[in-house]
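Have a look at the structure below, then the notes.
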Amino acid sequence: MRLQQQSSGQPPVQKPTTLIVVLAFERGEDGELRPAFEAQQMPSEHAAIQRAKLMSRGYAGVIAWKRPARPDEGEFGDSEVLFQAGDVPEME
């Protein structure tokens, strides 16, 4: 016997995703910090920290952070810094 799942009429609730990102900064000719490249999404906190540590040797600054998100809904939670080295601008 097969049971049918009843619908509540509501769309399924999506669990928040955790975005884990690494971003490096370099100094422009004017001395101002600027992103060295697009932020890179990482598969885990450990991978982000390891990548950021390696990058810290070659850039003016580097940061790895995570934040809860529901990208489909445009919702993003507060960021939590996982690793930071060198000169990094204030993050929002």
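Under my numbering, the first residue of the sequence shown carries the number 6, and numbering increases by one thereafter. Don't be surprised by glycine CBs; every beta carbon is placed ideally from N, CA and C.
Spatially closest choice to residue i from the options, by CA coordinates
i, options, result
"E50", "D35, L24 and E37", "L24"
"Q89", "R72, I68 and Y64", "I68"
"Q45", "G91, P73, R72 and L28", "L28"
"E85", "Y64, E95 and P40", "E95"
"M47", "A74, W70, G91 and D92", "W70"
"A53", "V93, A74, G91 and L87", "L87"
"V93", "P40, T22 and V26", "P40"
"L38", "R75, A65, Q55 and P73", "A65"
Three-state secondary structure (DSSP) of residue i
i, result
"R62", "coil"
"A53", "helix"
"V86", "strand"
"V67", "strand"
Which residues DSSP lists as bridging residue i, in chain order
i, result
"F98", "Residue 98 lies beyond the range of the chain shown here (6 to 97); nothing can be said about it."
"P40", "F30"
key: Stretch-stretch touch, CB-based, cutoff 8 Å, three pairs: the region 73-84 with the region 28-47   = no
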